[in-house]
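See structure below.
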Amino acid sequence: MSATTIKKLIFGPGLLGDSIPGWKNTSIRKYRSEAHDFSKGEIVQGVFERQLDVLLEITKDTEVVPFQDLPKEAAVASGYKSPKEAFQDLKDHYYKGELKLSDLAAIIRYQVAQINGVPVVAYNSKAGSVA
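Per the working numbering: the sequence shown = residues 78 to 208.
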């Protein structure tokens, strides 16, 4: 029996604690089709700091919009006060200034997969630390 390969969604430090209880359920990234095209109901592997993997269920097809048109609802759901703050944070911390308002944003909505109310989380000793 062969193992099933699932897509990965890699998260930066500090996001695990907000994602497990569901306080954070949206991720905004610079869109790359090979990495950010997800469909509602798809199960993906969330790769978090401290070598923890969490199964995530995609709750809506990936939405793709220019950063200049980023909806306030998506920015707030991702932990920002406004689309402007989301853009500036991503530009400064993840893309080292190489992000333009005309670039496409991927809005990825998810929830932590659960079995009987328990989040599906695993320690991945083979993964390098994200932090």
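Where is the CB? At the ideal position from N, CA and C, for every residue including glycine.
Going by DSSP, name the residue or residues bridged to residue i.
i, result
"I184", "I105, E140"
"L178", "Partner(s): none; L178 has no beta bridge."
"D130", "V124, A199"
"L147", "Beta-bridge pairing links L147 to no other residue."
"V189", "L133"
Could you give the distance in angstroms between the alpha-carbon of residue i and the alpha-carbon of residue j?
i, j, result
"L178", "N193", "42 Å"
"D130", "S159", "29 Å"
"E162", "A190", "29 Å"
"I135", "V198", "16 Å"
"V142", "D180", "8 Å"
"R109", "Y200", "27 Å"
"E111", "K85", "11 Å"
Quick one: what's got a C-beta closer than 7 Å to residue i's C-beta in the same chain, skipping five residues either side?
i, result
"K168", "G174, L176"
"H113", "R106, T139, A183, I185"
Suppose the cutoff is 8 Å on Cβ atoms and the five residues either side in sequence are ignored; what does the same chain contact list for residue i look like?
i, result
"L147", "I105, P160, A163, F164, A182, I184"
Any idea if residue i is buried or exposed, counting beta-carbon neighbours within 10 angstroms, 16 or more meaning buried?
i, result
"Y157", "buried"
"G118", "exposed"
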